[in-house]
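Residues in the sequence shown are numbered consecutively from 434, following my numbering. In this text, a Cβ means the ideal position worked out from N, Cα and C, and glycines have one as well.
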Amino acid sequence: MGRMINTDGVGKKRDQLCRAVVLAVRGLAAKGAVDDEARDMAAFIAIALGDIHETIDVTVAAWEKRDYWIKADQFRMQWGWSEKMSGQVRQAVLLNDWGELAVLLPEIGTRLGNVKLPKRKALGEPWNGALAELKRRKT
């Protein structure tokens, strides 16, 4: 039997989460009023940024095993913002502070500006029920 290749790596997961975050940021920017879907979108952004941060150490571990310390440190610095931003968005969502979210969302959009969304809408709406999940994770 040949080698088993894992096609669902953390890099692929991080890319999918980045695309979903960009989709949610764009959706929130297009919203005129704060409704349940907008709250779910904002909560999803907080959760997804936290999940993105969790993939960083897994990615870097393989490089550190091969003594690629500089590459690992550069990658950590490149994605280090995700943990801080996740906490800020999480706090703003739980406090219902939409003024703070209005400041944070453009910064997230800038950080993920190079992410390309697919032409077909294959991502769907991954934010459905995210606010309940965020509140559940809080406790």
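Alpha helix (DSSP H) segment containing E558, residue limits
It is not in any alpha helix (DSSP H) - E558 carries neither H nor E in the DSSP assignment.
Span of the alpha helix (DSSP H) around I539:
The residue asked about is misnamed: residue 539 is Pro in this sequence, not Ile. Start and end: W531 to R544.
Note down the Cα distance separating N547 from L527, rounded to an integer number of angstroms.
It is roughly 29 Å from the alpha-carbon of N547 to the alpha-carbon of L527.
Nearest candidate by alpha-carbon position, reference K568, set A479, I485, K498 and L550:
Of the candidates A479, I485, K498 and L550, the one whose C-alpha sits nearest the C-alpha of K568 is A479.
Backbone secondary structure at K549 - three-state DSSP:
K549: coil per DSSP, three-state reduction.
Candidates D530, D448, A475 and Q511, of which the one nearest A457 by Cα
When C-alpha distances from A457 are compared across D530, D448, A475 and Q511, the shortest belongs to A475.
Spatial neighbours of W560 in its chain, beta-carbon cut-off 6 Å, leaving aside the 5 residues before and after
These residues qualify, in order along the chain: A457, D473, M474 and F477.
Just how far apart, CA to CA, sit V536 and W502?
About 34 Å.
On the three-state DSSP scale, how would you describe D500?
Here D500 sits in coil by DSSP.
For a test of the three-state rule: what should DSSP assign to V467, helix, strand or coil?
Reduced to three states, the DSSP call for V467 is coil.
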